[in-house]
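Undergrad: Encoded as structure tokens, here's the structure I'll be asking about.
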Amino acid sequence: MRLAPLLAILATPAFGQADSGNELSFDLGLGAQSGPAYFGSDETVIGPTGSFALDRFAFGSVVIGDGDPNGIGFKGGFRYIGERSGDDYDELLGLNDIDAALELGGGITYTDLPTGHGDWGTLTYAEVRYGVIGHEAWVAEIGSDLIYTPTDDLTLTLGPRLFGGTDDYAETYFGVSPDEAASSSYDAFAATGGVLSRGLEASASYDFNEDWGVTGTITYEEFLNDAANSPIVQQGSSDQLNVSLVVTRSISFNF
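Residues 1 to 255 in the UniProt record's numbering are what the sequence shown spells out, letter by letter.
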């Protein structure tokens, strides 16, 4: 199972002496997620997920997070993809096992946040990640969210997503080599990269108080091009649905 890319470092850099010394403030989340067992699977599994968002970092004259939250900013991102094995799913027998992967990267954002309850805002981002562990390939994602705050404690978002990857990425998860075809029920398939999926994501975040909150997220993804044409996906489903619920805690300390 894969974990959604929930890491978001959306702080805008600012430079100047911190008023209260060195400080680190962030939001940490832990929860559960349900989704496809692997890319293209029509079987749903449940597993853990989490989130991390940097609010403020101050060390000496370097301060990140005190800038204007609106306008152009930067974000970090990660995604964990669980291993895929024929020992776990009979339909994968004969295919090579795929090790778990960890993608790390970053991107650019443009934000126009709501100014109060009953107000609307937007967030647009483009992000690039690399598989530092596992597939060792590049992926990219772009998205745009409409943001609405019906109350001071509740934030709703909704927006489209577009995802792509290199040939190495596509071949890892959607390709079938001649040797694999000879030992499995699939025909050989050489998957090429490009735009591999499109989707829609909706979330609702509620703050119980200044320290605790909860976020629920629903993501629908439809495979495209060689991802959709893969025999692995065609025996399962090109429509993928992920649902997560994460409890968040704001943490801050001086050092």
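Glycine residues also receive a C-beta, built at the ideal position from the N, C-alpha and C atoms. A quick note: this is a predicted structure, and the numbers were derived from the prediction, not measured.
Which runs of the alpha helix (DSSP H) spanning at least 4 residues fall entirely within the region 177 to 218, listed in chain order?
TA: Correct list: 178 to 183.
Undergrad: Name the residue from 30, 47, 32 whose alpha carbon lies nearest to the alpha carbon of residue 38.
TA: Of the listed residues, the one whose Cα sits closest to residue 38 is 47.
Undergrad: Looking at the unbroken alpha helix (DSSP H) that takes in residue 167, where does it start and where does it end?
TA: 167 to 174 is the span of the alpha helix (DSSP H), which, as asked, contains residue 167.
Undergrad: If you reduce the DSSP assignment to three classes, tell me which class residue 295 lands in.
TA: Absent from the structure is residue 295, since the part of the chain shown begins at 1 and ends at 255.
Undergrad: Tell me which same chain residues have a C-beta within less than 6 Å of the C-beta of residue 171, skipping the five on either side of it?
TA: Here the set comprises 191.
Undergrad: Helix, strand or coil, according to DSSP, for residue 234 in the structure here?
TA: Here residue 234 sits in helix by DSSP.
Undergrad: What residue range is occupied by the uninterrupted alpha helix (DSSP H) comprising residue 226?
TA: 225 to 229 is the extent of the alpha helix (DSSP H) around residue 226.
Undergrad: Output needed for residue 252: all residues of its chain with C-beta closer than 6 Å, excluding positions within five of it in sequence on either side, in chain order.
TA: Excluding sequence neighbours, residue 252 sits near 25.
Undergrad: Residue 92 by DSSP, collapsed to three states: which one?
TA: Helix, per DSSP.
Undergrad: So, are the CB atoms of residue 161 and residue 201 less than 9 Å apart?
TA: Result yes, Cβ atoms of residue 161 and residue 201 sit closer than 9 Å.
Undergrad: Pull the bridge partners of residue 151 from the DSSP assignment, please.
TA: None; residue 151 has no bridge partner.
Undergrad: Counting C-beta neighbours from all protein chains within 10 Å, is the total for residue 176 16 or more, i.e. buried, or is it exposed?
TA: Buried is the call here.
Undergrad: Looking only at its chain, what residues have a beta carbon closer than 8 Å to the beta carbon of residue 198, apart from the 5 residues adjacent to it on each side?
TA: Excluding positions up to five away in sequence, the list reads 160, 161, 162, 163, 221, 222, 224.
Undergrad: Identify which residue in 154, 134, 23 has its Cα closest to the Cα of residue 208.
TA: Looking at the Cα atoms, 154 is the closest of the given residues.
Undergrad: Can you tell me the Cα-Cα spacing of residue 218 and residue 138, whole angstroms?
TA: Whole-angstrom Cα-Cα distance: 25 Å.
Undergrad: Is it the case that the region 87 to 99 contacts the region 176 to 188, given that we only count it when at least three CB pairs across the two stretches are under 8 Å?
TA: Judged by Cβ distances under 8 Å, the region 176 to 188 makes contact with the region 87 to 99, as three or more pairs qualify.
Undergrad: Can you find at least 3 beta carbon pairs, one from the region 99 to 106 and one from the region 76 to 84, that sit closer than 8 Å?
TA: As far as the Cβ criterion goes, the region 99 to 106 touches the region 76 to 84, which means the pair count is three or higher.
Undergrad: I think residue 158 touches residue 145, with their Cβ atoms under 8 Å apart; what is that distance to the nearest whole Å?
TA: Contact flag correct, Cβ pair sits at about 7 Å.
Undergrad: Counting along the chain, where does the beta strand (DSSP E) carrying residue 136 start and finish?
TA: Looking at the DSSP string, residue 136 is not in any beta strand (DSSP E), and its letter there is neither H nor E.
Undergrad: When burial is assigned at 16 or more other CB atoms within 10 Å of the CB, is residue 141 buried or exposed?
TA: Residue 141 comes out buried.
Undergrad: Does residue 34 come out as helix, strand or coil in the three-state DSSP assignment?
TA: DSSP places residue 34 in strand when its eight states are reduced to three.
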